Each structure stands twice: as C-alpha cells, then as structure tokens.
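Protein sequence lines, in the order shown, are assigned to chains B and V. Residue numbers for the first sequence follow the numbering used here, beginning at 9 and rising by one. Residue numbers for the second sequence follow the numbering used here, beginning at -14 and rising by one. Virtual Cβ for every residue (Gly too), placed ideally from N, Cα, C. Treat the numbers as computed from the prediction; the structure is a model and nothing was measured. Let me begin by presenting the structure, written as structure tokens, before commenting on it.
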Amino acid sequence: MFTTGSKFFYGLAILGFIAAGFYAVLTASHPEGIWDTLTGEGIIDVLIGPLTLGYKGTVGDQLGFSVLVGFAATCASLGFFHTAFRDADPESVAELVHAETVPVSEPTGLSPWPIVGAFGVAVLLIGWAASEVLFVAGMVALVLVGIEWVVQAWSDRATGDPEVNRTIRNRVMVPIEIPLAIVIGIGVVVLSVSRVLLAVSATAAAIIAIVVATLVLIVAFTLASFPKLRQGIIASALLVAGVIIVGAGIGSALSGERDFETNDSGQEEGMAVVDHVADS
Amino acid sequence: MTITETRPESGEVAGRTAEETAGPSGLYRLLGTSDHKTLGRLYIGFSLMLLAGVFTMGALLAVDAVDVEGNPVFGAAIGPASSSYLLGTVFFALWPLLLGLATYVVPLQVGSSTIAYPRAAALALWTWVVTTGVYIASVVFGGAYGGADDEAVALSNVAFGALVLALLLGTLCVIVTIISLRPRGMKLNRVPLFSFSFLAAGSLAMLTWPVVLANVALAQVAQFGPDVVSETYLSGIRWALDVPAVYIVALPALGIIGEVVPVFARRRQAHYGVMLTGLGLFGAFSFGAWAQPAFNIEVQEQLLFAFMAFLVALPLLLLLGGWFGGTLRSGELWWRSPLLLALAAILLLCLGVLTGVLRVLNPVDMAPERAFLAQSSFVVTATAAAAVAGLIYWVPKIYGGLFAEWPARVVVVVFVLGSLLYTVPTGISALLENNLSNPTGPLRALDAIVIVGGLVLTVAVAVSVGAVMNAARRKDGFIPDNLWRASTLEWAVGCPPPPGSFVWDLAPVTSEAPLVDFYEEEEASS
Chain B
9 MFTTGSKFFY GLAILGFIAA GFYAVLTASH PEGIWDTLTG EGIIDVLIGP LTLGYKGTVG
69 DQLGFSVLVG FAATCASLGF FHTAFRDADP ESVAELVHAE TVPVSEPTGL SPWPIVGAFG
129 VAVLLIGWAA SEVLFVAGMV ALVLVGIEWV VQAWSDRATG DPEVNRTIRN RVMVPIEIPL
189 AIVIGIGVVV LSVSRVLLAV SATAAAIIAI VVATLVLIVA FTLASFPKLR QGIIASALLV
249 AGVIIVGAGI GSALSGERDF ETNDSGQEEG MAVVDHVADS
Chain V
-14 MTITETRPES GEVAGRTAEE TAGPSGLYRL LGTSDHKTLG RLYIGFSLML LAGVFTMGAL
46 LAVDAVDVEG NPVFGAAIGP ASSSYLLGTV FFALWPLLLG LATYVVPLQV GSSTIAYPRA
106 AALALWTWVV TTGVYIASVV FGGAYGGADD EAVALSNVAF GALVLALLLG TLCVIVTIIS
166 LRPRGMKLNR VPLFSFSFLA AGSLAMLTWP VVLANVALAQ VAQFGPDVVS ETYLSGIRWA
226 LDVPAVYIVA LPALGIIGEV VPVFARRRQA HYGVMLTGLG LFGAFSFGAW AQPAFNIEVQ
286 EQLLFAFMAF LVALPLLLLL GGWFGGTLRS GELWWRSPLL LALAAILLLC LGVLTGVLRV
346 LNPVDMAPER AFLAQSSFVV TATAAAAVAG LIYWVPKIYG GLFAEWPARV VVVVFVLGSL
406 LYTVPTGISA LLENNLSNPT GPLRALDAIV IVGGLVLTVA VAVSVGAVMN AARRKDGFIP
466 DNLWRASTLE WAVGCPPPPG SFVWDLAPVT SEAPLVDFYE EEEASS
C-alpha cells in the first residue's frame, strides 16, 4: 500500500507532529513549573492546544509551533502524492507502459542547464552583494534555465527514442531560443562593454571602443573566409571572447563608473555639448 | 543464490544512458554530464586540490602564530583567513570529497545504474565549484567573515550560503538514491556501511545545516555591515564546526573504515547490526543545531553540552569493539595501505573525541580556543585520512587503474607523520597555555611544528593526487572486477564499470555481503 518514498515522508510527518506537540507544551508559560502544570489542572489546556492546532487551549511559542506543523503537513502531503502516484512501484510502472516486466529506466542524457544554472547563481550572488543590475540578470538567467530544464525533462520522457525526443524538444524551443539568444547576446555584450567604457577614462574608452569594433570586424572577416573551420574552434573562440567580455563587464561594474566632470548647472560636460548643438 | 541473472554479451546496451550511447563528445560531454561517475570524479579532483590548499593555509596561520620577526603572513587579515580556513576544512574540502566518493560509489553499492535526480546532482556540483570560486575571489577583495570591505564581506556571506545549499542538494541526491533505488532484498539493515553512514550523516546535515543557512540569510537581510556579519559567524555559524556538529563530517569516514577493515581482515564484518547501530547513534549524537551561542551564550559551559560531548564517545567504542574485538582479531590481516590509513584515521578520531571530552570536562584548564582548534584538527585529519584510504581502496573502480602499493605506502607514512605533527602540538599547546607561567616560548615551538605538519599534509595530498592521476592514465591492463574480494555490489561490475554499470538484472539480495554469499555458494557447488 505504502510506496518507498511515501514511507519516508510519512515518517517525517509523524516526527514533525510529535516535535510540534512537545514544542508547544514545553514553551508554554508555566508559572508554577512544567511538572506541576502537567500533573495539575493546567494539563487539559496544555494538551488541547497542540491537539487542536492552537484553536483551543494553550500553545507556547506560536512561530516555532507553526513551523513544525507546517513541516509535518508538507511532508504528509508529499507522502500522499507519492502514495497516489505509486512512486517506484514496479507493477504500476509496468502497467503504465503496458509491459509484462518492469522497463529499464532510461537515465538522463547530456544537459547544459545545470552548469549554466550554476553560473546564473554566481551572477545572482555577485549582484546581491554589489549590483542590482547583476542581481536582475542572475534572476533572469535562473528563470530561463528553469524553463529550459523543465522542457528538456519533459521531452526526455516523451518517447522511448532519444533522437525523436530531441526533435520534439527542438520543434518547441528553437523558434523561441534563437531570437531570445540573439537579444540576450546583444544585450549582454552591450551592457558589459558599456560598463567597461564607463569605468575607464574618456580617452581609454574611445581606444577600447575602436579596438573592440576592429576585432569584431577581423573575427567576422576570418570566419567568413574560412567556411570549413571546425565548429569546435568557433565555439571555443566565442566562449573565450564571451567570458572575457562578461568578466571585464562585471569587474568594471564592481569598480564603479569614472568621475564625470560637471558644469556649473550640475550637467555633465558631454550633455552640455549635446544641448548646445541641439539649441543651435 | 546467484548475484546475477544471465550476464549479457559485451556490447549490450540495455542499461546505457542516452548520453553514453549518442551525442557530442569532448568538453560538452564533461560540462553537460549527469553521469554520477563523472560527477564523482570531478568532486574528488576539485576537493583534493582544495584540501591541499586548506592544509597549506593551516600551516600559514601557524606561521602568524609563531610571529617570526614580526613579519606575519596575514597580518590584519588574520580574522578572515582563520574563518576561511575553518569553513574550508569542512565545506570546501572534506564534505565535497566525501560527497564525491558517495556520488560515485553509493549508486553502485546499492545496485543502481544512476544516482537519483542526476541533473540536480550536476547542478549541485557546478554550483559548489562556482560558489567556491566566488568565495575565494571575495576573500581576495577583502571579504570573508572578519573582513573589512562591506561588499566583499556580503559577497562571501551569500557565496557561502549558496555553497552550503549546493552541498545539501548533492547530499539529497545520494540520500534519495539509498532510500529509493536499492535492489530487491536490500533492506536498510543490509545496506553497505559506507552508504549507511552517508545516509545517516546526510540526514543529519539536512537537519543541521539549514540552520546555518538561516543565520547566513539573517546576516544578509539585516545589512548591518561587516562587523555584524562577522559576529553572526562567531555566534551563528561556527557551532557547525564545533562539538557535536563537527562529527557529522566524521561519520562517512567511519563508514569508509567499516568498508576497508573487513576486506583487509578477509572476513565478514562481525555483528553487522551492532555496527549499523553504532553508526546511527554516532549520527544521532552529532546533532548540534541546539548548541548555538547566538541563542544561549553559555551553552558550552552547560551540563547538556558536556554530556553530549561525552555521549558521542560511546557509539565510537561500540564501533571499535566491532572492528578490533571482532573482525580484526579473528581475521587474516592483509597489511595494505587502505587498512593502515584506516587504522590511522581511527587513532586520530579517538584523539579528537578524547580532546572533546577533556575540553568540556576541563579537568586541566585547557585554553578554550586552542582546545577547539586541536579537536577540529584531529577530526579533520582523521576524516581526510579515511577519505584517502577510501580513495586508494576504490581507485580501480573509479579510475580503472591501480594505486600502486609503494606510492600508497609513501602516502600513508607522510599522511600519518603530517597528521601527528599538525594535531598533537596543538593539543599540547591547549594544555600548556593556561598552566605555564611563561608559555610564549613553548607555544611558539609547538606552533612551528604545526607549520611543518601542515606542509607535510599538503605534500601527502599532492602525492595522492599524483598517484590517482597516474592510476587514471596508466590503465594496468585487465583488473579483476572484485580486486580485493570485497563483499559489496560495486565490486560486481568492471573496473571501471561499463556504461550503465549494471547491464544485467540483479538477483535479490539476501544478506549484507551479497558477493561473499555468491562466492560461498559457488565454492559449495563446486
């Protein structure tokens, strides 16, 4: 009746309820001492409290009691789901796939999302400590990883053929992934390079902008000239370039923007020139 | 009973993973893998490097204690260096090393071709790697608990929190594997000792370390600046490295010793149920989330604390009785390096528990901080010794080559020497500091020995890494599936295991030593 996983969660649920009961009794205020309360008239109040989940009677520390009851209720719910869906029950699995014997479970294949998710966590952490922009970027990265992860997990189990599963996944995700990847790629490069340009001096910013633009031109020219270049080399070069640009962007964001000179009206000099040109 | 049903011809792909039968190769296979064997190897490789770094840092901290001609290594940064060292021993090096061994070995021990939630295990590994990098970077920029830079300290705090979360996720995958993926007949009382110890230690970690996480979150949300974050470390995090919670990390080490001792004594483990009970009790008494100075500043002077430090010695005695009174006494001892290191680990752990008892009973007025460091060093070196013993024992299974016996013996000698030089002087200095009228000279001499010990331990770990890499590279031709004639299921598959590991159906398990059952039955029938 009870499946493997459900026993574990039911056990935890029972433990949680017992712990909540003890906690409620032990933290209740006992002017005459806990022993006298438990052997005297106060016993009814003290016992009814946890039994009615605090509706009647006395519960001591309500926050701790609520946490423990919440833990127990969550575990009981998880246990119920495991029982209902017959986890790790060989007969149920065999019945589901109309097989006489239990099929060999197909372990999962390659997935880039765990490592991408780990880097998303790193960006989130750095943002949490130092920069709101990076925090939001990390959050967005983790949400995207979550979506990709769920779709891949679904497609992995769509049929028994990994090749068909890959096709199904690509049919759903590629029309979304390619435009999104282009937008994110451009956004990340623009954001990172802009952080670098804002962090260095005006002269250095101009030189860096020219060098980066020239490099992009040279790389694009090279790639176009050698169409048979191995994909691995292109991917590695782009990866290295991406890591350098993003790293430089994060470093520059952490070091902050340079001091901008302002005129008497508090406007930055560059903006004043723009205003002057616009006026004229 | 037979251990296998019909074993398939070579080339059979029944249990192969999708990634093992198709897909790209090279770097993407490494970065995108969710195969527990690759993940385990990556954990082991990274954590061994960090372990060497931690021991080096311990030596450098001792240099500052000696204070040679007023030229300290860390100087004003001694606080962050010290907290990073202590956290590093458990969360950056030892638990990941044990988790790596468990990620590789536990699914095989319980007869499973995969780990539970394989992609979550991959996420845990990479998050641990990345957050470790972020933490180290934050330390360089003036962070860590005790640091002065606002943003860098905050970054260290959140990176440490994410690191603990990642380790818990990886631990959860191993625990669920033990609970849910066991073969028919393998009840909990027949689970191999290493898997059982990891189940107990992992469950304790799941109960204990979220409290550390809560304190990390509180420090981050409160945003009172680096001083408050550092205060949170002292009152709300450091207890996880102290008695009794620090013994959580020693529990899988006991499991490894439990695997090694019967194999090299060439007999079944005597009183298996008692050994499981001993491991379970050791785990139960290691629960230490209640002993937080944040909520009870005098907790370490109270009777309950002393009682718990004393209580944890009892299951250890039970385990020692099982090994020395039963298995080793009546076995034919095979003095190979894993057994020697396992015995060294037992000695160091006993010294650690003894120091813990002396510390709380305090009959000789031990200096509190040095006593804490001494006990921590004993537990850390004992766990490291057991982990390296496990590595030498399982190297054929993990890397497909042999850890040659002579470098293994070098590792044993250097490791034991380094451990004693690293730990014993700290223990002696804890005894002397409050009992000598002028302790400065002797304490400096003892700290100088600790420097040597830390460096020797670094060399031991480096030699281990070299020998493992050599084993992985060399491939010694045919290695028998069950090289040591061990009793657990990981030795029923090849060295290293083929893709999918168990590509045939396992027969029901009827005892805690299924392979010994198989050999005995074969011998009886022939």
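Asked: Reduced DSSP secondary structure (H/G/I, E/B, other) of residue 491 of chain V; Found: strand
Asked: Chain V residues whose Cβ lies nearer than 7 Å to that of residue 136 of chain B; Found: 143
Asked: Contact with chain B by residue 289 of chain V, beta-carbon distance below 8 Å; Found: no
Asked: As assigned by DSSP and simplified to three states, the class of residue 89 of chain B; Found: helix
Asked: Cβ neighbour criterion (16 or more within 10 Å) applied to residue 322 of chain V; Found: buried
Asked: Residue 226 of chain B classed as buried or exposed, judged by whether at least 16 other C-beta atoms fall within 10 angstroms; Found: exposed
Asked: Any alpha helix (DSSP H) of 4 or more consecutive residues that is wholly inside the region 202 to 268 of chain B; Found: 210 to 233, 239 to 263
Asked: Sufficient close CB pairs (3 or more, under 8 Å) joining the region 114 to 124 of chain V to the region 182 to 202 of chain V; Found: no
Asked: Within chain V, the residues that residue 14 of chain B reaches when beta carbons sit closer than 9 Å; Found: Per Cβ cutoff of 9 Å: no residues; residue 14 of chain B is ~11 Å from chain V at best.
Asked: CB-CB length for residue 229 of chain V against residue 293 of chain V, believed under 8 Å; Found: 5 Å
Asked: Within chain B, the residues that residue 139 of chain V reaches when beta carbons sit closer than 7 Å; Found: 137
Asked: Any C-beta of chain B under 8 Å from that of residue 26 of chain V; Found: no
Asked: Beta-carbon proximity check, residue 159 of chain V vs residue 100 of chain V, cutoff 8 Å; Found: yes
Asked: Within-8 Å CB hit, residue 130 of chain B to chain V; Found: yes
Asked: Members of the region 200 to 233 of chain B near chain V, C-beta cut-off 8 Å; Found: none
Asked: Where residue 480 of chain V falls: helix, strand or coil (DSSP); Found: coil
Asked: Partners in chain B for residue 147 of chain V, counting only beta-carbon separations shorter than 7 Å; Found: 129, 133
Asked: Which of helix, strand or coil DSSP assigns to residue 318 of chain V; Found: coil
Asked: C-beta atoms of residue 254 of chain B and residue 200 of chain B nearer than 8 Å; Found: yes
Asked: Residue 14 of chain V: contacting residues in chain B (beta-carbon distance under 8 Å); Found: 118
Asked: Minimum Cβ-Cβ distance from residue 257 of chain B to chain V less than 8 Å; Found: no
Asked: Closer than 8 Å to chain B by CB, residue 11 of chain V; Found: yes
Asked: Per-residue DSSP class, three states only, for residue 15 of chain B; Found: helix
Asked: The region 325 to 332 of chain V contacting the region 359 to 379 of chain V, beta-carbon criterion three pairs below 8 Å; Found: yes
Asked: Element boundaries [alpha helix (DSSP H), containing residue 105 of chain V]; Found: 103 to 125
Asked: Assumed close pair residue 169 of chain V, residue 494 of chain V - CB separation to whole angstroms, cut-off 8 Å; Found: 7 Å
Asked: Nearest to residue 25 of chain B (by Cα), restricted to the options B/72, B/53, B/230, B/80; Found: B/80
Asked: Sub-8 Å separation of residue 177 of chain V and residue 244 of chain V beta-carbons; Found: yes
Asked: Closest by C-alpha distance to residue 359 of chain V, when choosing among V/309, V/231, V/425; Found: V/231
Asked: Three-state secondary structure assigned by DSSP to residue 279 of chain V; Found: coil
Asked: From V/378, V/153, V/399, V/295, residue whose alpha carbon lies closest to that of residue 179 of chain V; Found: V/378
Asked: Proximity test, Cβ basis, 8 Å: residue 91 of chain V and chain B; Found: no
Asked: Residue 575 of chain V: first and last residue of the uninterrupted alpha helix (DSSP H) it sits in; Found: The requested residue 575 of chain V does not occur in the structure, where chain V is confined to residues -14 to 511.
Asked: DSSP three-state assignment for residue 512 of chain V, whether helix, strand or coil; Found: Lying before the first or after the last residue shown, residue 512 of chain V is absent from chain V, which here runs from -14 to 511.
Asked: Cβ distance (whole Å) where residue 453 of chain V is taken to contact residue 400 of chain V below 8 Å; Found: No, residue 453 of chain V and residue 400 of chain V are not in contact; Cβ-Cβ is about 14 Å, not under 8 Å.
Asked: Residue 52 of chain V, buried or exposed, once every other Cβ within 10 Å from all chains shown has been counted against 16; Found: exposed
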